[in-house]
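So the structure is just underneath, and the comments pick up after that.
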Ligand SMILES: NC(=O)c1ccc[n+]([C@@H]2O[C@H](COP(=O)([O-])OP(=O)(O)OC[C@H]3O[C@@H](n4cnc5c(N)ncnc54)[C@H](OP(=O)(O)O)[C@@H]3O)[C@@H](O)[C@H]2O)c1
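In this note's numbering, the protein residues as written are 1 to 392.
Right, here's the structure in full:
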């Protein structure tokens, strides 16, 4: 397989490059804005298989050039670029994956369905951990039931070591700040509605050592697609995040200070928005953290509850996804986001995904073989089924 990874030196993109090479012996064009960072990724992975390329994905000509000889493009850059990169893939007739369109972007991307079908390609939207694995978990849970009432998704992360220090986000600081400031969409009584940021506080039990966490609604793309594509009468879909306490305090402070603003400020004659400034600090910190040899035991947990009916009685299927850092490879628990695009790219290149158009994961990914692929990388999926019995 020949794959193009855009955003290849980002936190997620760099791990996707590694998974493509290690597990599929793929030839990867690793593209990013900063050539020196992407050269480091090629050197650390396999310089014979990875070709570093300087690329601005907003440049249509440059995109057309790198898309010429690849089977699939994996977009690991910021979600604001999804439509631009997906359109380039459609024009080039190359399969496409991304890490999520942040609800509103996903709804816009779905409108390109006919164009993608006409081009004979598949664009898989939001195939990371969440969105991504969670969408497939929703489909898996729905397969166990005759009808579905609600799909409730939860996510948390943390470390074994308790810390009171400032938190480092597990994914793009831009996304974290957007999550803390933009209204989430959910499906309520069959309708897509917007609710206040960080509303819907609920206590949810996650596997140990996380235990009971308080989770809030935040903007995510699962509710944009799951009721429509899973069907079975689904009337409620929501996503809640259970931030670890210290992270919550840090991110809330940053959001309240206005770091999510895209308005350019004049700082000593230099024009820069608070969001671009903090993003630049964050990407440098990610790059330096990659050089560190310190191993911190940390985890990412996802929980998807699908409730409905089985044989006329109430039933619930819950899927837990647990990912710890891999002490052998040194990769962090965020690999649960970087692995799904790699599996999907392999399936697209091999024709294992044969539906065409713009599709969310629940519409085109077969859950069981997908969970087995995750299992090979120690990303563990456990399923619990709760059914009712009646004695009259
Ligand atoms: N689905 C999920 O489970 C999930 C989980 C986590 C994150 N995400 C999403 O995944 C995306 C990436 O996250 P991340 O944590 O890897 O972010 P990141 O570390 O900031 O990486 C993004 C990369 O994209 C590059 N980039 C930005 N603009 C570009 C352009 N015009 N052309 C080419 N490359 C460009 C950046 O380059 P520079 O550093 O040089 O600017 C950076 O290397 C985010 O949108 C995030 O929300 C999804």
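By construction, the Cβ of each residue, glycine as well, lies at the ideal position given by its N, Cα and C atoms.
Check	Outcome
DSSP state of residue 86 mapped onto helix, strand, coil	helix
CA nearest to the CA of residue 141, picked from 383, 328, 69 and 387	383
Selected residue, minimal CA-CA separation from residue 47, among 34, 56, 54 and 29	29
According to DSSP, residues forming a beta bridge with residue 270	267
Unbroken beta strand (DSSP E) run spanning residue 360, endpoints	Premise fails: residue 360 is in no beta strand (DSSP E) and is neither H nor E.
Alpha carbon of residue 21 to alpha carbon of residue 4, nearest angstrom	12 angstroms
Under 8 angstroms between C-beta atoms of residue 101 and residue 125	yes
Sequence-distant residues of its chain with Cβ nearer than 6 angstroms to residue 115 (five each side left out)	90
CA-to-CA distance, residue 270 to residue 264, given in whole angstroms	9 angstroms
For residue 198, three-class secondary structure by DSSP	coil
4 or more residues per run - each alpha helix (DSSP H) lying fully within the segment 295-360	335-350
Euclidean distance between Cα positions of residue 194 and residue 185	4 angstroms
Residue 313, buried or exposed, once every other Cβ within 10 Å from all chains shown has been counted against 16	exposed
Residue 363 beta carbon less than 8 angstroms from that of residue 229	yes
Cutoff 6 angstroms; reference residue 373; Cβ partners in own chain excluding five residues on either side	343
Residue 221, buried or exposed, once every other Cβ within 10 Å from all chains shown has been counted against 16	buried
Cβ-heavy atom distance, residue 266 to ligand 1, below 7 angstroms	no
Distance between residue 105 and residue 79 (C-alpha atoms, nearest Å)	8 angstroms
Opposing strand residues paired with residue 385 [DSSP bridges]	317
Reduced DSSP secondary structure (H/G/I, E/B, other) of residue 113	helix
Length of the line joining the Cα atoms of residue 216 and residue 301	15 angstroms
Three or more C-beta pairs below 8 angstroms linking the segment 199-206 and the segment 34-53	no
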